[in-house]
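Chemist:
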Amino acid sequence: MASSNGSASGLYSEALFAGIWRENPTFRLMIGMCPPLAVTTAVKPALTMGLSVIFVLICSNLVVSLMRNLLKPHLRIIMFTVTIATFVTVCDLFLKAYLPTMSEILGAYVPLIIVNCIIIFRAEACASKAGPVVSILDGLGMGVGFTLALCILSAVRELLATGHVFDIPVMPKAFVPWLAMQMPVGAFVTLGLILGLINVLTRKRTVPEEEPEAAPAPPAAEPQLPATA
Amino acid sequence: MDRFMTLLMGFLSVVLVNNFVFTKFLGTCPYLGVSGRIDRALGMGLAVTFVTALSGTLTWMVDAWVLTPLHLEITRYICYIVIIAGAVQLVEMYVRRFFPSLYEAFGIFLPLISTNCVILGICLFLDVWGTDNLLEAVVVSTGTGIGFTVAICIMAAIREELALADVPEALQGAPITLITAGLLTLAFMGFAGMIK
């Protein structure tokens with residue numbers, strides 16, 4: 055993808071912006087699905103999780119990129135995971151020391167960043183092939199895209215479950231909270247409906263370009279699922 | 116007898132009440148990605164059960180007998196991930212050597228498993244739940260794997276039917292899968308409160 059771009063600045067902006075929307079890890083690629091579902095009951099923990107992932111993603115991308123010439127094919131995955139585990143430990147200790155309440159809410163989901171597919175996927179797909187600058191930008195873009203997805207999802211869930219957003223009351227007094235939104239059901243259904251909404255929005259944009267006169271056949275919903283597995 | 120009941124309750128609790136997929140969202144990636152066909156889902160589930168049981172037990176032993184006495188808790192995550200990756204590698208080699216037909220069936224899933232959140236999840240939650248003896252650790256980690264298998268097989272069975280259903284165009288593919296998953300968790304919430 056990025057390598058086909060000629061100029062250096064184009065390469066950098068491509069690496070930075072791909073993750074934010076076009077290859078958004080949560081909404082478009084559907085990888086690393088456990089934090090978007092688990093920690094999005096409110097915006098604050100979601101934001102903390104997003105920032106932690108950005109930190110780990112940038113650091114691990116940088117380190118993997120620097121040692122990309124030393125990687126042995128059969129030991130690759132374990133070298134990635136050990137690198138990631140190191141930075142996750144740093145991040146976990148930092149949260150425990152400076153944000154103890156957030157650390158308690160996120161609990162085991164902070165160490166679970168280690169097995170978040172996004173980070174290994176980026177190490178494999180980008181950092182083990184590209185230079186350090188592109189890898190850092192790629193990590194930043196992917197991380198921001200992930201954080202954005204977490205914030206959108208958690209804002210909807212927090213609003214409907216408590217009537218607050220970021221702990222600030224926004225709904226009128228008469229609003230009856232939907233407790234179901236805080237439960238696992240709320241996570242799955244909200245994410246499903248948001249993906250459906252994105253399907254509708256992107257279809258409006260792509261259909262007229264591809265087949266202006268064709269019969270109303272259903273291929274429009276297809277571009278959604280390139281890399282689910 | 117009392118001991119046996121505790122173990123049985125612990126087992127049922129991780130299979131039904133605290134099912135990792137439905138209540139903790141762990142292993143959602145394969146749950147949504149590999150649940151298209153029921154035979155592949157079963158293969159994935161069995162492979163995960165096997166590795167979960169093995170690495171849950173191993174990490175519990177290392178944690179309780181090595182890391183805690185030596186006050187090396189800070190290296191816990193790195194140790195866990197190395198043990199899991201090692202266990203996966205070992206299982207892969209062993210199965211390939213001695214059960215070639217099983218290896219054919221597991222084949223592609225085994226390498227994927229080392230980054231499955233269920234496995235690191237059970238290693239971490241054994242610590243969170245304060246599991247304090249080896250037998251309990253073995254039973255709970257096996258139960259977690261079985262819970263995952265149950266979840267992914269139910270999902271695959273529903274999705275095989277869903278392929279024939281008339282789904283609104285905007286919801287085709289991933290969205291309807293997620294909504295189905297949501298309804299399934301709602302069904303499994305019926306078990307909540309059955310065991311404390």
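So the sequences go chain by chain: L and P.
According to the numbering used here, the first sequence is numbered sequentially starting from 55.
According to the numbering used here, the second sequence is numbered sequentially starting from 116.
The C-beta atom is built at its ideal place from N, Cα and C for all residues, glycine as well.
1) Going straight from the alpha carbon of L:Pro-99 to that of L:Leu-204, what length do you get?
2) Report the partner residues of L:Ile-222 according to the DSSP bridge assignment.
3) Could you tell me if P:Thr-174 is buried or exposed, where buried requires 16 or more neighbouring beta carbons within 10 angstroms of its beta carbon?
4) L:Ala-275 by DSSP, collapsed to three states: which one?
5) Within its chain, find whatever has a CB closer than 6 Å to the CB of L:Glu-158; leave out the 5 residues flanking it on each side and keep chain order.
6) Compare the C-beta of L:Pro-154 with all C-beta atoms of chain P and state if any pair is closer than 8 Å.
7) Under a Cβ-count criterion, where at least 16 other Cβ atoms within 10 Å of its own Cβ denotes burial, should P:Ala-307 be classed as buried or exposed?
8) Note down, in chain order, every chain L residue with its Cβ under 9 Å from the Cβ of P:Ser-229.
9) Show which residues of chain P have a CB atom less than 7 Å away from the CB atom of L:Cys-180.
10) For L:Pro-99, return the contacting residues in chain P, with the cut-off set at a CB-CB distance below 9 Å.
11) In chain order, which alpha helix (DSSP H) runs of at least 4 residues are fully inside the stretch 189-238 of chain P?
12) Nearest to P:Thr-257 by CA position, among P:Phe-214, P:Cys-268 and P:Val-233, is which residue?
13) Taking Cβ positions, are L:Leu-213 and L:Val-224 nearer each other than 8 Å?
14) Could you pull out every residue in the same chain whose Cβ sits closer than 6 Å to the Cβ of L:Ala-234, ignoring the five residues on either side in sequence?
15) Using CA atoms only, rank isn't needed, just tell me which of P:Ser-128, P:Leu-122 and P:Pro-184 is closest to P:Gly-305.
16) Which first and last residues belong to the alpha helix (DSSP H) in which P:Phe-135 is found?
17) Using the Cα positions of L:Phe-109 and P:Ala-280, report the straight-line distance between them to the nearest angstrom.
18) Which of helix, strand or coil does DSSP assign to L:Phe-229?
19) Are there 16 or more other CB atoms within 10 angstroms of the CB of P:Glu-207, so buried, or fewer, so exposed?
20) Using a C-beta cutoff of 8 Å, does L:Val-117 count as contacting chain P?
21) Under 7 Å Cβ to Cβ from L:Val-97, same chain only, skipping five residues before and after it: list those, please.
22) Quick one: what's got a C-beta closer than 7 Å to P:Ile-237's C-beta in the same chain, skipping five residues either side?
23) Look at the Cβ atom of P:Leu-250, then the Cβ atom of P:Leu-122, and state whether they are nearer than 8 Å.
Modeler: The answer reads as follows:
1) 10 Å
2) L:Val-219
3) buried
4) Confidence at L:Ala-275 is low in this model, with a pLDDT of 41, below 50, so the placement of that residue is unreliable and no value is reported for it.
5) none
6) no
7) exposed
8) Ile-131, Ile-132, Thr-135 and Val-169
9) Residues of chain P passing the Cβ test: none, with the nearest at roughly 17 Å.
10) Neighbours of L:Pro-99 on chain P: none; closest Cβ ~14 Å, over 9 Å.
11) 191-213, 215-221 and 224-228
12) P:Val-233
13) yes
14) Gly-240
15) P:Ser-128
16) 135-138
17) 43 Å
18) coil
19) buried
20) no
21) Cys-205, Ser-208, Ala-209, Glu-212, Val-219 and Phe-220
22) Thr-167, Gly-171, Ser-256 and Thr-259
23) yes
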